[in-house]
Structure formats: structure tokens, C-alpha cells
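Scroll down for the structure; my scribbles are underneath it.
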Amino acid sequence: MPTVRDVAKLAGVSISTVSRALSMPHMVNPGTRALVITAAEELGYQPNAAAQGLRSGVTKNIGLVIPDLENPFFATITKGVQARARNEGYAVFIADSDEDTELELRLIANLSKQVDGLILASPRATDQELLEVLGTKPLVLLNRKVTGLPAVIVDNQDGIAQAIGHLRALGHTKIAFASGPAHSWSSIQREVAVREFASQHPEIEIIELGNFRPYISGGLQVADLAVGSGATALVTYNDLMALGVIERLRQREISVPQDFSVVGIDGISLATLISPALTTVQLPLRDFGRKAVDFIVNQLANQNRSFSDQKLGVELEIRDSTDVPVTT
């Protein structure tokens, strides 16, 4: 493996001159730099990226902080981030906060010292805490909106309208909605959208249930309450909850969708693997990641560039977990 010493010897210059020629070319005579470049190429020498980063302040790394890497929602977003970053010549440092706000803030502080920009997916910290971590490096939020910070979000209002509208078109008039964590930004947005839909369609009775953890365990809790409410259909905060609902209904020998219809939100791959396949509002999960990386890269290239939030569209995927109500 050739070293900087080998390059210096072949080029007939000092080691410090090689270092300057490769990392600070404006400080070296063009003719000397040409000798160094030729020697480096001939030897196949690659300068140490970490060392260059220390000198220039550019690491070619992007930090991604997520609350739960095991959640397929965040796993798919992560794949999108990695793919786009790789295409742009960046590595991704991934940190899992394990749904712990204090740990999340520590991870943000630590990562910010090692990366050129930060992506925070569904951060659990408060608005004020997130504003306080905003430093000189580009930062973008995913699936969360905080005034003063750039964000990539989805159209929750349209997603809820598509989900409940589908059930309404099937003939359901009593529909339950199971919300997620009480302090979840996206859950709050969906609750607002549910109430708006209800106000526009008084012929539909919408029963709000919540708040529940956004996992299969939360869905197991929701199922009994939804059936007990007299609803004939249910929209859940996310797909994992919907999977829990379907499992609990199976245990109770309540058939989906013949006896009860279920709609999720997210579009995770697991939704297609269960029986019945889950009708869900498909979110552009990989686009989440790609758009976030694009923002970071653009901000790095244009330090004074203003930002505007990006709202991504959603689409209802009608599968096998919804049908006309049994009373029809």
C-alpha cells in the first residue's frame, strides 16, 4: 500500500508539500502539484479521507437518527437515505435512539461533530429542544414539522380522506380510528384530519380510540375496543397496529374483511405478507430518505440557500382487508 512518503520520494518533494498539494492545492505551485498528482496516480495512492476531513472540515458523512431501527417503517426510510447518499458520494452514520428522547439528543450532539449534515426521522424531542440543536450544519426533519426547521412530510390529510373515503364508499357508516402516541406529530395530524373528514360527512359516525403504542401490541389492544364500539371498520395509526388488530380478531374468530374491515397507514412490506393482505395508505418511504439527502447535499453546495418544506403525496393500496359491511 503506497504511502505519502512514497509519493514524496517519487515526485522529488517533501511530505508536507505532498499533503498541501492534495488537500490545499491553492497553496502549491501548479507545476509542483502536477508532479505530485502524477506520482500519486502512478503509485495508486489514495489520501486518507478522515485526515482530509480533519483539515478541510468536510467529512462526506451524513448522520441519520431514527427512533427504532427494527420498525420496518424506519428501516425502509434508511434504505432510501443510504441509496441516495451513496450515489452522492456520502457515507451514512446511523444512530438508533430506542424511543428515548434524552438518548436522541445525545446522539444528535455526538453525530453533529462527525458529519456534514443531519437527518432526524420522526424525532421524539420537543420543538424547543430541536430548535436548540440547530447549528451551523444542515439539518432536516422527516415526518415531523417544527417551525423554523426544514422538513419532509407526507399529506396526512389526504391519506386519512382516502382511507375513510374508501370505507364510506363500501357502505360503512360507523368507523373507528385508533390513534398513535399522544405526543406523536403525525398521529396528531391524522387525528385532526379525521375530525375534519367527520365534519364534512355528518352521515358517517367516526369513533376515536387512543392513544396506543405504534406496534403490533398496540393493535392487540385496539381490536377489542373497536369491535366493542359497534364500528364495522377501523383505520389504525400505522400498519403495525393494523397487523395486531387482524391477529386479535383472528383469535376471536372474527373474520376480516367479512365481519370487520381494517385499513392501515404506512405501506410497509409486511402488509402484503399477511392474510388477508392489508389495505393501507402507502407512504413514499424511500422517497422520504432520498428527499432528505437531496436537501442536505443542496444546502452544503449552497450555504445561504433558503428552504421550503416538501410535502409528499400518498396513495391508498386496496387489498383484501376491506369489504362491504356485514349489514349491507
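Residue numbering for the sequence shown is 1 to 328, as defined by the UniProt record's numbering.
All C-beta atoms in this analysis are idealised placements derived from N, C-alpha and C, irrespective of residue type, glycine included.
Is the beta carbon of T322 less than 9 angstroms from the beta carbon of A223? At least 9 angstroms separates the beta-carbon of T322 from that of A223.
Tell me which same chain residues have a C-beta within less than 7 angstroms of the C-beta of A231, skipping the five on either side of it? K174, I175, A176 and I207
Per DSSP, the bridge partner or partners of S261: A233
Quick one: measure Cβ to Cβ for V154 and L283, integer angstroms, because I've assumed they're closer than 8 angstroms. 5 angstroms
Burial state of S275 (16 or more Cβ within 10 Å): exposed
Simplified DSSP assignment, three categories, for F74: F74 falls in the helix class under three-state DSSP.
Which of the three DSSP states is assigned to E88 in this structure? coil
Give a yes or no on contact between the region 60-75 and the region 98-117, applying the rule of three or more CB pairs nearer than 8 angstroms. yes
In the DSSP assignment, the alpha helix (DSSP H) including Q162 goes from what residue to what residue? In the DSSP assignment, Q162 falls within the unbroken alpha helix (DSSP H) covering N156 to L170.
In the DSSP assignment, what are the bridge partners of A95? For A95, which the question treats as bridged, DSSP gives the partners V65.
In chain order, what are the residue ranges of uninterrupted beta strand (DSSP E) at least 3 long that sit wholly in the region 173-222? 174-178 and 205-209
Endpoints, the beta strand (DSSP E) within which G117 is located: G117 to A121
Using 9 angstroms as the threshold, is the C-beta distance between A271 and E317 below it? Taking a C-beta distance under 9 angstroms as the contact criterion, A271 and E317 qualify as a contact pair.
Would the beta-carbon of residue 353 fall within 9 angstroms of that of I164? One cannot answer for residue 353 here, as it falls past the ends of the chain, which runs 1 to 328.
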